[in-house]
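Residue numbers (the numbering used here): 110 to 378.
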């Protein structure tokens with residue numbers, strides 16, 4: 110699998126994304142040489158940029174991004190299946206920060222199918238040394254030292270990822286993305302107000318399940334112990350893809366039902 114990198118122009122060495130993390134990131138998805146969920150991803154990008162008070166260029170229309178990705182990636186690099194991690198960052202050319210122009214950088218990672226569940230089941234554990242916040246910026250993908258700390262903690266403890274709690278000691282998300290907990294015929298998802306990411310990929314999945322009445326979707330406030338009560342757990346990362354969780358501490362999980370639900374979702378495209 111190849112990675113491709115694109116920028117809106119020459120990248121300054123001391124840009125604000127590099128020096129201050131003054132940027133937002135949103136993923137777009139290519140499947141079978143077509144953009145999927147592009148409207149949801151676009152509107153999430155616009156909402157994220159507004160929250161960070163970025164000066165959104167008038168050219169940043171949905172058609173702009175559709176043409177950009179089709180021309181540069183699907184046609185230019187013949188990418189049929191991939192994840193586009195798009196970063197918009199603030200320049201230093203304005204009278205004030207809110208008036209500064211915006212540049213972009215994006216990286217494309219080729220995958221077999223963005224809607225496939227990765228073959229390897231993940232092992233997770235709770236991390237209690239730090240937590241994640243629940244404010245306006247907690248739901249969007251901005252610079253996060255918590256994710257860096259959590260990823261290193263996972264590596265040092267032979268884990269694939271860590272589960273973050275919020276200041277109220279309830280489940281928020283992982284360093285990679287969001288968790289879905291299946292118990293009987295109900296899927297529980299931590300609320301955005303709990304510190305979970307807004308995720309176009311997850312929202313498309315649960316909206317499909319809800320419309321088809323395949324399961325009951327419940328946005329919840331979940332204490333840490335509820336991770337041990339679930340029968341199956343799915344991790345959805347806009348940046349990396351979809352994963353089954355195989356183990357949390359001494360509890361192991363199957364992935365039969367989630368595999369069937371994801372397969373039915375895939376077939377709807």
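Idealized CB from N, CA, C, for every residue including glycine.
Being a predicted model, the structure only gives us computed values, none of them experimental.
Whole-number beta carbon distance between residue j and residue i, since they are thought to touch under 8 Å
i	j	result
residue 335	residue 363	Going by Cβ atoms, the distance from residue 335 to residue 363 rounds to 17 Å, so no, they are not a contact pair.
residue 135	residue 163	Residue 135 to residue 163, Cβ: 12 Å. No contact.
residue 281	residue 315	Not confirmed; about 17 Å, so no contact.
Limits of the beta strand (DSSP E) - the one that residue i falls within
i	result
residue 282	280 to 283
residue 132	132 to 140
residue 197	191 to 199
residue 346	341 to 346
residue 295	295 to 299
residue 234	231 to 236
residue 112	112 to 116
Residue burial classification, residue i (beta-carbon count within 10 angstroms, cutoff 16)
i	result
residue 222	exposed
residue 283	buried
residue 270	buried
residue 274	buried
residue 297	buried
residue 167	exposed
residue 119	exposed
residue 202	exposed
residue 309	buried
residue 303	buried
residue 272	buried
Extent of the continuous alpha helix (DSSP H) run through residue i
i	result
residue 209	It is not in any alpha helix (DSSP H) - residue 209 carries neither H nor E in the DSSP assignment.
residue 359	No alpha helix (DSSP H) holds residue 359; DSSP gives it neither H nor E.
residue 328	Counting along the chain, residue 328 falls outside any alpha helix (DSSP H), though it belongs to the beta strand (DSSP E) covering 325 to 329.
residue 171	171 to 178
Residue from the options with nearest C-alpha to residue i
i	options	result
residue 54	215, 370 and 226	Since the first residue of the chain shown is 110 and the last is 378, residue 54 is not available in this structure.
residue 217	115, 330 and 312	115
residue 145	313, 325, 286 and 181	313
residue 190	148, 179 and 200	179
residue 358	300, 325, 157 and 263	263
residue 226	378, 376, 367 and 377	367
residue 294	156, 325, 365 and 127	325
residue 126	252, 376 and 330	252
DSSP-derived helix/strand/coil call for residue i
i	result
residue 166	coil
residue 316	helix
residue 254	helix
residue 288	strand
residue 307	coil
residue 274	strand
residue 334	coil
residue 187	coil
residue 182	helix
residue 120	coil
Distance cut-off 7 Å: residue i Cβ against heavy atoms of the ligand MN
i	result
residue 126	Although the ligand MN was asked about, the structure shown includes no ligands whatsoever.
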